[in-house]
Every structure is written in C-alpha cells, then in structure tokens.
Amino acid sequence: MWLLFSAGGVVAALVLPVLLVLFGVAIPLGWVKAPDYPQLLATLRNPLTRLALLGVCALALVHAAHRLRFTVEHALRLRRQDPIIATVCYGGAIAGAAAAAYLLFVAL
Amino acid sequence: MISPLEARYYRRPIPLLWWARRRSYLTFMVRELSSVFVALFVVELLLLVRAVGGGPAAYERFLGTMAEPAMIVLNVVALAFVLLHAVTFANLTPRAMVVRVRRYRVPPRVVLAGVYFGWLVVTLFLAWLVVG
Numbered sequence: 001m002w003l004l005f006s007a008g009g010v011v012a013a014l015v016l017p018v019l020l021v022l023f024g025v026a027i028p029l030g031w032v033k034a035p036d037y038p039q040l041l042a043t044l045r046n047p048l049t050r051l052a053l054l055g056v057c058a059l060a061l062v063h064a065a066h067r068l069r070f071t072v073e074h075a076l077r078l079r080r081q082d083p084i085i086a087t088v089c090y091g092g093a094i095a096g097a098a099a100a101a102y103l104l105f106v107a108l
Numbered sequence: 001m002i003s004p005l006e007a008r009y010y011r012r013p014i015p016l017l018w019w020a021r022r023r024s025y026l027t028f029m030v031r032e033l034s035s036v037f038v039a040l041f042v043v044e045l046l047l048l049v050r051a052v053g054g055g056p057a058a059y060e061r062f063l064g065t066m067a068e069p070a071m072i073v074l075n076v077v078a079l080a081f082v083l084l085h086a087v088t089f090a091n092l093t094p095r096a097m098v099v100r101v102r103r104y105r106v107p108p109r110v111v112l113a114g115v116y117f118g119w120l121v122v123t124l125f126l127a128w129l130v131v132g
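In structure tokens form, the structure reads like this:
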C-alpha cells in the first residue's frame, strides 16, 4: 500500500502538471494549438501510451484515495468511521482505474 | 482529585477545527487536499480519452467545454494544487531516499537536482508528444 501510494505520488508529480498546463490552460486559452484529432488518436492508440496512461491514472487515483482517507479522518476526527471511509476512497480509486482500463483499451 | 484510572483514560478533547489553529497545520491540510485536485484532473484526462474515442465531433465538444471560463478558472486552481503536490513531493525525495554510489552517500542536494532534471525531461517529452 505504501509503495503504491508513493509511486502514485511520484507519477502524479512528474506527469500531471504539464498535461494540466496544456489541456487545462494553454490550449483552452489559445496559447497552444489543440492537437489535430487524427494525430491525438494515433498517439493515444499507441500501446505504450495506453499502458502508461492506465498506470498513471490508476496510481494517481490510489495515491489520492489513500491521502484523502487519512485527511478526512484526521481533519474531521472520524477515526471510528475508518472502514466506511476507506471503502469509499479505495472503492472510488478502483472504479476509476476500471473506467480508465475500459476507456483506454475498449472504447478507444 | 482524579483517580489514576481516570487519568489513564482521559483524552484531551481536540477541537474540530484543530488544523486551522496553526499555520503549519493549515499548510499540511492544504497539501493533503491537493490530492483531491490530482484525482479531479485524472477524471478530466479520462474524459479527454473518452472524447477522442467518441470521434472528432466529441473531441471538438470536449475542447469547447474546456474553454468555458468556469472550467479555465477551475483548472488554474487545480494547477496550483497539483504544482504544490509536485513540489512538496519532489522535495521529499532526498529525505525518503538515500542514494549511494560505491558506498558514498550522494548529497541530498544532488538527488534533488536529479529529481527536478527528471521532471524537466518528462515535461518536455510529454509536451512534445502532445503538441508535436
């Protein structure tokens, strides 16, 4: 669990900022031209991209779930509700990872 | 008088907003909350993948949604939190990891510089991959 958590933290720190700058700010504001559809489709359909993105999404979600679990428990003093909170957090992360697998390998 | 038994089971009550009392606690909470925005952006990324899978029209619609002013504001806020996450996590690395070369410990500063260099390389590679 600890290993997944720190791996997710590293991956999120390395990969997410640049993607967020591009897709969240630079492209919507027109600073950077949006990638052409065929080009983006080809990049995403590359098996390496699919695997890498699945790994990034799953690990980052597990990381966030783990952190959120303890943050909610500590901040709001809900230690006793740990089984419920843990189930919701990790369940959400697993559901997100499953959705990522479906979107990347089936629907794309 | 409090009996020893009572003293043993006494717990100091902690106020619900204990983390708002001190700056360092508050920083801790803000850093922990960055994970919410990490998860949020993962969802946005997956919506992008879904839009691309849905064809050119769906992709255009996705770009339109991302260009809404509210979305841009949300993403700027998310970016601040994701950057906070990235910087705090990078700064943690030399403390969590001791790198040795032939029994000599690599100085933490060098490890940190390596982390930031790796970050730069990944960033440039991904930017090239996306923008072409």
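One line per chain: the protein sequences are A and B, in this order.
Our numbering numbers the first residue of the first sequence as 1 and each following residue consecutively.
Our numbering numbers the first residue of the second sequence as 1 and each following residue consecutively.
All C-beta atoms in this analysis are idealised placements derived from N, C-alpha and C, irrespective of residue type, glycine included.
Distance between beta carbons of L103(A) and R50(B), contact taken as under 8 Å: By a beta-carbon distance limit of 8 Å, R50(B) contacts L103(A). Their separation comes to about 5 Å.
Classification of P94(B) by the beta-carbon crowding that lies within 10 angstroms, buried from 16 upward: So P94(B) ends up on the buried side.
DSSP beta-bridge partners of R100(B): DSSP output for R100(B) lists R105(B) as bridge partner(s).
Chain A contact for Y9(B) (CB, 9 Å cutoff): Chain A contact via Cβ: absent.
L30(A) and M66(B) closer than 9 Å at C-beta: Residue identity differs from the one stated: residue 30(A) is Gly in this sequence, not Leu. Against a cut-off of 9 Å, the Cβ pair of M66(B) and G30(A) comes out as no contact.
Neighbouring residues, chain A, relative to E6(B) (Cβ below 8 Å): Taking the beta carbon of E6(B) as reference, no residue of chain A falls within 8 Å; the closest one sits roughly 22 Å away.
Cut-off 8 Å between Cβ atoms - residues of its own chain near R105(B), not counting five sequence neighbours on either side: So the list reads V98, V99, once near-sequence residues are dropped.
Assigned exposure category for E6(B) - 16 Cβ within 10 Å defines buried: By the neighbour-count rule (16 or more Cβ atoms within 10 Å), E6(B) is not buried but exposed.
Cross-chain neighbours of Y37(A) in chain B, by beta carbon under 9 Å: Chain B residues near Y37(A): V52, G55, P56, Y59, E60.
Cβ neighbours of V56(A) in the same chain (closer than 6 Å, five flanking residues each side left out): In its chain, beyond the 5 residues on either side, V11, V15 have a beta carbon closer than 6 Å to the beta carbon of V56(A).
From F105(A), H63(A), R69(A), residue whose alpha carbon lies closest to that of F89(B): Ranking the options by Cα distance to F89(B), first place goes to H63(A).
Unbroken alpha helix (DSSP H) run spanning I85(A), endpoints: Note, I85(A): alpha helix (DSSP H), 82–105.
Chain-order list of residues whose beta-carbon lies under 8 Å from that of P17(A) (same chain, five-residue window excluded): Taken in chain order, the list of residues that qualify is empty.
Spatially closest choice to S34(B) from V76(B), S3(B), R21(B), by CA coordinates: When the alpha-carbon of S34(B) is set against those of V76(B), S3(B), R21(B), the nearest one is in V76(B).
C-beta neighbour in chain B for R67(A), strict 9 Å: Yes, R67(A) lies at the interface with chain B (some Cβ there is under 9 Å from its Cβ).
Within 9 Å, strictly: CB atoms of A127(B) and L61(A): Not in contact: A127(B) and L61(A) (Cβ atoms no closer than 9 Å).
Sequence-distant residues of the same chain with beta carbon closer than 7 Å to A78(B), five excluded per side: Same-chain partners within the cutoff: F37, L40, F41.
Whole-Å CB distance - A75(A) paired with M29(B), under 8 Å assumed: Between A75(A) and M29(B), the beta carbon gap of about 6 Å places them in contact (Cβ cut-off 8 Å).
Local conformation of M1(A) per DSSP, three classes: The DSSP-derived three-state label of M1(A) is coil.
Cutoff 7 Å; reference D36(A); Cβ partners in own chain excluding five residues on either side: Nothing meets the Cβ criterion.
Rounded C-alpha distance that separates G53(B) from I27(A): The alpha-carbon of G53(B) is positioned some 19 Å away from that of I27(A).
Separation of G9(A) from Y10(B), as counted between CA atoms: A direct Cα-Cα distance of roughly 37 Å separates Y10(B) from G9(A).
Closer than 9 Å to chain B by CB, G55(A): Not one chain B Cβ lies under 9 Å of G55(A).
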